Amino acid sequence: MTTDQKHYKTIDMPFYNGSIGPRLPESILDFHAHVWHPSHFTIDPWETNKKGSKYMVTSTTYDFDSLLKDATRIFPGKTYKAVCFGNPTPAADPVITNDYIGKGAASRPAMFPLMIAGKGLFSGEELEKTIIEGKFLGYKVFLNWYGDDYGDVTIEDMLSPVEMKIADRYHLIVLLHVPRSDRLTNPVVQRGIQKLSEDYPNAQLILAHCGRCYLPDQMKSAAPSIKNLSNVSLDSSMVMDPTVLEILLDNIDSKRLLFATDFPVPAMRGRRVYVMDHWVDLVLEGYSESAYRVQSDNMRASFMAYEIVLALLRAAERIKLKEKEIQALFHDNGMEIIGKVAVPAPV
Ligand SMILES: [Zn+2]
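Just so you know, we're using the working numbering here: the sequence shown kicks off at 283 and counts up by one.
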């Protein structure tokens with residue numbers, strides 16, 4: 283038995299069987315999972331010294347089989363469904379990426395594909411054709427910067443009326459990683475989201491990583507800005523702090539909160555914590571070096587995906603959600619959004 287297998291058997295599975303598995307519904311929907319292949323990359327994003335290249339380092343191959351293998355291993359006994367998409371950065375070719383995602387999702391059950399799209403990437407005609415023919419449910423918005431070099435990027439720099447009119451027409455999912463170091467706490471970002479929500483009421487906006495608010499103070503200042511925007515939901519990928527989610531649930535209906543992982547990232551063993559005013563990934567040893575990643579073997583740890591589940595459960599318990607509402611965080615809330623997408627069948 284390898285060290286990894288031993289860890290799985292003696293630490294991960296007892297923890298899963300005791301604290302995670304029994305509290306999750308039979309089917310879980312992960313609203314944020316990546317899939318990629320080395321052939322998608324135009325530059326090796328992790329071998330260059332380009333600014334930001336060490337921002338989030340994971341493996342260069344993470345295809346559908348890798349995702350499903352991780353999901354089966356981490357959530358054994360559950361039916362795993364995922365909203366999936368490729369690498370949304372300038373390091374990958376969006377056309378090749380989208381083609382791979384569309385085809386891969388079509389041949390597998392319960393994989394719901396989003397195409398990489400964003401301002402200036404595709405014409406309206408190209409977008410519409412790709413959405414309809416590729417059976418995409420919407421967009422994962424392209425990150426038009428390197429790493430964390432997003433200082434003055436606005437929502438308007440990322441999404442134009444070209445993408446949004448089509449999203450509004452077909453009730454598409456628009457999964458957006460908000461820019462800027464101060465995230466959804468930034469008033470310019472907040473206004474950008476409010477404007478999209480008002481101008482395109484049928485588009486289904488999803489803020490990745492809860493608007494990137496990993497810290498309670500961030501969520502405290504961000505949540506009021508989206509309180510009344512009923513077409514804006516939040517995915518919980520990489521959010522592991524229950525207080526963040528508790529503050530969010532004090533502001534919005536729990537139907538707008540969606541369980542999500544951000545695989546492959548939370549297949550690492552550890553937990554995202556915060557120190558002073560920034561998050562830090564505390565992980566076991568043996569992973570690649572990356573920004574804001576601290577490695578140590580001087581702790582017990584299991585998959586970060588479990589910490590996301592626990593944060594949701596702890597927050598839900600604190601605000602006294604009903605059992606049915608808690609279970610819905612992990613499946614039904616997201617499926618309802620997917621069910622509203624109205625893309626016509628290809629001719
Ligand atoms: Zn992601």
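C-beta: ideal position from N, C-alpha, C; glycine also. Please read these numbers as outputs of a predicted model, since none were measured by experiment.
Taking the Cβ of H289 as the reference point, every heavy atom of ligand 1 lies at 7 angstroms or farther away.
Restricting attention to F394, H491, L530, P524, the CA atom closest to the CA of M617 is found in F394. Using a C-beta cut-off of 8 angstroms, the segment 593-600 makes contact with the segment 520-536, since at least three inter-stretch Cβ pairs fall below that distance. Around P548, the same chain offers M520, F585, M586, A587, I590 as residues with beta carbons nearer than 7 angstroms, after the five sequence neighbours per side are excluded. Judged by the Cβ position, S507 fails to qualify as a neighbour of ligand 1 at the 7 angstroms threshold, every heavy atom of the ligand being at least this far.
Boundaries for F323: no beta strand (DSSP E) harbours it, and the DSSP string shows neither H nor E there. Within the segment 582-620, the complete alpha helix (DSSP H) segments at least 4 residues long are 586-600, 605-611, listed from N- to C-terminus. At a threshold of 7 angstroms, H322 does not count as near ligand 1, since its beta carbon sits no closer than that to any of the ligand's heavy atoms. Secondary structure remark: continuous beta strand (DSSP E) runs of at least 3 residues inside the segment 434-516, in chain order: 455-458, 486-489. Here D563 is near Y574, since their CB atoms are less than 8 angstroms apart. With respect to the 8 angstroms criterion, V623 and I414 are not classified as neighbours on the basis of their beta carbons. In the DSSP annotation of this structure, T284 is not part of any beta strand (DSSP E), being labelled neither H nor E. The criterion of a C-beta distance shorter than 8 angstroms is satisfied by A485 and V456. Taking a C-beta distance under 8 angstroms as the contact criterion, V365 and A315 qualify as a contact pair. By the neighbour-count criterion, in which 16 or more other beta carbons inside 10 Å mark a residue as buried, K602 falls on the exposed side.
Going by beta carbons, L311 and K360 fall outside the 8 angstroms limit.
No heavy atom of ligand 1 is found nearer than 7 angstroms to the CB of A573. Annotated three-state conformation of D579 is coil, per DSSP. Within the chosen limit of 7 angstroms, ligand 1 does not reach the beta carbon of H613 with any heavy atom. By the 16-neighbour rule on beta-carbons within 10 angstroms, I437 is buried. Between the alpha carbons of N615 and A388 lies a gap of roughly 22 angstroms. In this structure, S341 has its CB at a distance of at least 7 angstroms from all heavy atoms of ligand 1.
A residue is called buried once 16 or more other Cβ atoms fall within 10 Å of its Cβ, and Q472 is buried on that count. One alpha carbon belongs to L487, the other to H289, and they sit about 39 angstroms apart.
Under a 10 Å Cβ-count criterion, D450 is classified as buried, with 16 or more other Cβ atoms of the shown protein chains found around its own Cβ. A residue is called buried once 16 or more other Cβ atoms fall within 10 Å of its Cβ, and E480, having fewer, is exposed. Pairing V444 with P372, the inter-Cα distance amounts to about 20 angstroms.
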